[in-house]
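> Pasting a structure here, questions to come.
In the working numbering, the protein residues as written are 135 to 583.
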């Protein structure tokens, strides 16, 4: 539905120049396997040069028909990262067996791999090997000389080793909420504990909560009037944005939020306590976040970093015709990370898609859009609404379309939302099944699975 623009519709919502073919690939963007491998190597490699790498049997909360191939590949990746002289054994074995088989090596690295709650989890322990019966008698249970743990959300590469996820989207939970004027949503891990929270932004306040047992359980609330004064010249229809930014080496995890009703935006911690101010309305990108500054009109805006201490972003004018956009990343079966941009042309309500040098379009789209690989199959889903504002008898709907660049877009599901969609977000996968979609309508959150 074409309400005011809503930035940060998901953790990857962004406005981009209309002429841009694709955003630059953030250097930190990696597949889940690459992320966990890189993380554990940072903690064990100094003590494990030339090690032999073993892996235990896979633990998984969902079917994994190619589980042995998954563990073998991760063992090979870790061994490769340990440098010359390191090797990997592909067959999964218990730690006791690995210790017996590794007697001729100096160091043994033992990996434990788990698929749980939508995450790939990798634990690595490095041990000095025991070469004879006397050493094993003195220390029958050797202590590790290095330990590491890492996790990442399941993506298209990991999913190829697991059972496919059906994208049904036929189950809807309608959850009452106090706020009837939501302008932005975000869904992700706010406090770094691995759980998924929903952040809502209305014209009065911001909330962080979790969806539990058919209720939105509000954990924290912040009043916007306590964060900033009224904007001297607010837009007729407010534009709001929320960005959940994971911790980087230069800054802790935080939430950026802003709305054109207020003079300035805010940077908050996971408890919604102020960490400072930001300039503009924030949106998340795969490499962090940035902010849009409006100059009296929603059709003309500029993009820059939200705070002076942030990493610089390429400033660019948001050119017309453009009134909504989203950018997302997705991981293919081969581990390659690709980026997709969707922009909506307000003149004809066409949603234009661009990825890997390919283009496509969706007609009659509304201004609420998001991008996510809901079933982690390596092909992104475009989540959109309908261009129905002001049309007699025109009910809004949530539309989910899969697009593999190089092929035509394919509509997968359509759900009527007669009250209109005010904001939409795609959550990360949290367990067996497709990732949920959260949308805000008047007085309700809908969770679509």
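Every residue, glycine too, gets a C-beta built ideally from N, C-alpha and C.
Bear in mind that the values here come from a model prediction, so they are computed numbers and not experimental data.
1) If you count every other CB in all the chains shown that lies within 10 Å of the CB of residue 388, and 16 or more means buried, which is it?
2) For residue 277, which of helix, strand or coil comes out of DSSP?
3) Residue 329: which of 298, 309, 285 sits nearest, CA to CA?
4) Does the beta-carbon distance from residue 239 to residue 178 come in below 8 angstroms?
5) Under 8 angstroms Cβ to Cβ from residue 351, same chain only, skipping five residues before and after it: list those, please.
6) What is the DSSP secondary structure of residue 221, counted as helix, strand or coil?
7) Please classify residue 287: is it buried, with 16 or more other beta-carbons within 10 angstroms of its beta-carbon, or exposed?
8) Looking at the secondary structure, which residues open and close the alpha helix (DSSP H) in which residue 290 lies?
9) Look at the alpha carbon of residue 262 and the alpha carbon of residue 278, and state the distance between them as a whole number of angstroms.
10) Assign residue 526 to one of three DSSP states: helix, strand, or coil.
11) Tell me the DSSP secondary structure of residue 259 in three-state form.
12) Would you mind giving the Cβ-Cβ distance between residue 427 and residue 410, rounded to the nearest angstrom? I have them listed as a contact below 8 angstroms.
13) Can you round the beta-carbon distance between residue 217 and residue 171 to whole angstroms, since I take them to be within the 8 angstroms contact cut?
14) Going along the chain, which unbroken runs of the alpha helix (DSSP H) with 4 or more residues stay wholly within the stretch 282-330?
15) Within its chain, find whatever has a CB closer than 7 angstroms to the CB of residue 378; leave out the 5 residues flanking it on each side and keep chain order.
16) Just to confirm, are residue 515 and residue 521 a CB contact at a threshold of 8 angstroms?
17) Use the C-beta contact count for residue 247: other C-beta atoms within 10 angstroms, 16 or more gives buried, fewer gives exposed.
18) Mark residue 412 as exposed unless 16 or more other C-beta atoms lie within 10 angstroms of its C-beta, in which case mark it buried.
19) Please report how far the alpha carbon of residue 463 lies from the alpha carbon of residue 222, in whole angstroms.
20) Hey, could you find the ends of the beta strand (DSSP E) residue 212 is sitting in?
21) Among residues of its own chain, excluding the 5 on either side of residue 209, which ones have a beta-carbon nearer than 8 angstroms to its beta-carbon?
22) Check whether the Cβ atoms of residue 339 and residue 355 sit closer than 8 angstroms, and answer yes or no.
23) With the cut-off set at 8 angstroms, would you say residue 420 and residue 163 are in Cβ contact?
24) Relative to the C-alpha of residue 358, which candidate in 374, 347, 348, 367 has its C-alpha closest?
25) Run through the stretch 450-518 for me and flag every whole alpha helix (DSSP H) of 4 or more residues, listed as ranges in chain order.
26) Fully enclosed by the stretch 394-435, which beta strand (DSSP E) runs are 3 residues long or longer?
27) Here's the rule I'm using: 16 or more other beta-carbon atoms within 10 Å means buried, otherwise exposed. How should residue 310 be labelled?
28) For residue 211, which residues from the same chain have a beta carbon less than 7 angstroms from its beta carbon, with the 5 sequence-adjacent residues on both sides left out?
29) How big is the Cα-Cα spacing for residue 461 and residue 281?
30) Are the beta-carbon atoms belonging to residue 550 and residue 531 less than 8 angstroms from one another?
31) On the DSSP letters alone, give me the boundaries of the beta strand (DSSP E) that residue 250 sits inside.
32) Are residue 395 and residue 353 close, meaning C-beta to C-beta below 8 angstroms?
33) Is it right to say residue 207 is buried, meaning 16 or more other beta carbons lie within 10 angstroms of its own, or is it exposed?
34) So what does DSSP say about residue 573, is it helix, strand or coil?
35) Where does residue 405 land, buried or exposed, given buried means 16+ other C-beta within 10 angstroms?
36) For residue 547, report the span of its beta strand (DSSP E) as first-last.
So, from the data block:
1) buried
2) coil
3) Taking only the C-alpha atoms, the option nearest residue 329 is 285.
4) no
5) 343, 344, 345
6) strand
7) buried
8) 290-293
9) 7 angstroms
10) With a pLDDT of 46 at residue 526, under the threshold of 50, the modelled position of this residue cannot be trusted, and the question is left open.
11) In the three-state DSSP reduction, residue 259 falls in the strand class (E or B).
12) About 17 angstroms; that fails the 8 angstroms criterion.
13) 14 angstroms between Cβ atoms; not a contact.
14) 290-293
15) 145, 320, 322, 324, 333, 389, 418
16) no
17) buried
18) Buried, by the Cβ-count rule.
19) Straight through space, the alpha carbons of residue 222 and residue 463 are spaced by roughly 31 angstroms.
20) Segment 201-215 is the alpha helix (DSSP H) holding residue 212; no beta strand (DSSP E) there.
21) 187, 188, 189, 222, 223, 224, 245
22) Cβ distance < 8 angstroms, so residue 339 and residue 355 count as in contact.
23) yes
24) 374
25) none
26) 399-402, 408-412, 415-419, 422-428
27) exposed
28) 167, 171
29) Straight-line Cα distance between these residues: approximately 36 angstroms.
30) Yes, Cβ-Cβ distance for residue 550 and residue 531 is below 8 angstroms.
31) 241-250
32) no
33) buried
34) strand
35) exposed
36) Element bounds for residue 547: 544-551.
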